[in-house]
Structures are given as structure tokens and as C-alpha cells.
Amino acid sequence: AQSVAQPEDQVNVAEGNPLTVKCTYSVSGNPYLFWYVQYPNRGLQFLLKYITGDNLVKGSYGFEAEFNKSQTSFHLKKPSALVSDSALYFCAVRDSTSGTYKYIFGTGTRLKVLA
Amino acid sequence: DARVTQTPRHKVTEMGQEVTMRCQPILGHNTVFWYRQTMMQGLELLAYFRNRAPLDDSGMPKDRFSAEMPDATLATLKIQPSEPRDSAVYFCASGLVSGSGSTYEQYFGPGTRLTVT
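Chains A and B are the protein sequences, given in the same order. Numbering-wise, our numbering comes out as the position in the first sequence, counting from 1, plus 990. Numbering-wise, our numbering comes out as the position in the second sequence, counting from 1, plus 10.
This is the structure:
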């Protein structure tokens, strides 16, 4: 069975500092991994994905994430946080070899960037 | 700029009434997903379709919820009868998640905020 864990409900970081939002996953086969961001009263917005290839993927708004197969992790990072990055972040996984198109979302991590 | 659209954006109804939510997926996408978001349960997958065929609706209460895709440009989610515990934000998402040219990510609509009193 697929699962994804976001161990932190909230992450606080000072503006200008690097940020990390953690995600670990469990799938039987090869994972497709995604990060989404949700601003208040909005739908989820796609940030970046890992499908295959380079373990470091870059996405929108200066975000990047590193796929680590041995640690089954896909942490979201940004070198310098902005106050406008404050939002709810979701990690999601799909098992590419399961024959299902079901995506499993984490519980979300609230990022608060302090001015 | 292609987007998923959902109507209505807000719906307040009384317990026992029928509720219909509509979604227009992005043109060309072959998969449509319905999710429900609440504070307590987070984001739950209710049902999804590929090429308009329902693939999995195991996340839906079968006795009151139904999901359909009458055509490629319209997906509907119905609740009949509605109950207060159905109060949530319902999201539709579409994607090109299988077959040639797949990009795999989903694009979400703005959601329908449902309140059942």
C-alpha cells in the first residue's frame, strides 16, 4: 500500500533563511512524487515533481526537492524564504507500477515565514 | 491559461437536500479526480475517472454520493440526501496521468465550499 508522511504540522522560518519541509513515502514499486502548495481559500497548486532522472528537481517560485531513494524521502527546499511563501504544503505519491492512478496526499505542513 | 473550473464556489443547504457540484477539467486531460478536504480528515480521494470511465469510487459513501462524467468537459458529484457531516471543501482535479504524453501532475480547481445545516 502507498503512504506518505509529513512529520511536521508546522514549520517556522525567518525570512531570508533556507527552508525545508519534510516528506517520506512508502510504495511497493517506483514512486512518482509531487509537491503542491495551497493558499487560503484556494485549490492546491502544483509546485514540482519527480518522475525519473535527476534526483534534484526544480520547480516554481524557486523551490526544489531532492529524491532520496535509500531514505524514501522527498524534502522540499528553498534557499531563501519569503513571507509570501507562507502557506500549506502537501506532498503526494503515486506508485508508478501498481496499475492504479491513485495519488496519496500527506496531511500537509503549514509553513510560516516570519518577517 | 488553462484551468479547472468548479461551480458553485459556495453552497449552503439544509440537511436532506440534494447537492450537485460541477467540474470542467482542462481540455485534453484524460483523468479527473474528486477530493474532499476537511480540517479533521485532510484531503481524501472520493473518486476518479480515466477517459470518462470510473476507475475507483471506494472513497465515497455509496448510499448518498455519486460521481459521473456525462462528457469529456463535465464531471459531476452529487450528494443525496446531504448531511451536516458532508460539510467540507470539494475539489476537482484533472491531469494527463497515463498514456502517451503524460505529465502526471494534477491541476486543481478552486473548490466548492459546502455547508449543510
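We put the beta carbon where it would ideally sit given N, CA and C, even for glycine.
- Proximity of residue 1100(A) to chain B, defined by a Cβ-Cβ separation below 9 Å, is not satisfied.
- When the alpha-carbon of residue 1032(A) is set against those of 1097(A), 1079(A), 1105(A), the nearest one is in 1079(A).
- Using a CB distance cut-off of 9 Å, residue 992(A) does not count as an interface residue toward chain B.
- Under the 10 Å beta carbon count, residue 25(B) is surrounded by fewer than 16 other beta carbons and is classified as exposed.
- Partner residues in the beta bridge of residue 1004(A), as assigned by DSSP, are 1104(A).
- In this model, residue 1052(A) and residue 19(B) are separated by some 30 Å (Cα to Cα).
- Identification of residues in the stretch 99–114 of chain B having a C-beta nearer than 7 Å to some C-beta of chain A yields 101, 107, 108, 114, given in sequence order.
- With 16 or more other Cβ atoms inside 10 Å of its own Cβ, residue 1091(A) counts as buried.
- Nearest Cα to residue 1068(A) within the set 992(A), 994(A), 1062(A), 1005(A): 1005(A).
- Beta-carbon to beta-carbon, residue 69(B) and residue 77(B) are separated by about 10 Å, too far to satisfy the 8 Å threshold.
- For the 9 Å CB-CB criterion, residue 1009(A) and residue 1075(A) form a contact.
- Of all residues in the stretch 1076–1099 of chain A, those with a C-beta nearer than 9 Å to a C-beta of chain B are 1080, 1082, 1084, 1086, 1090, 1091, 1092, 1093, 1094, 1095, 1096, 1097, 1098, reading in chain order.
- By the criterion of a C-beta distance shorter than 7 Å, residue 110(B) is surrounded by no residue of its chain, once the five residues flanking it on both sides are discounted.
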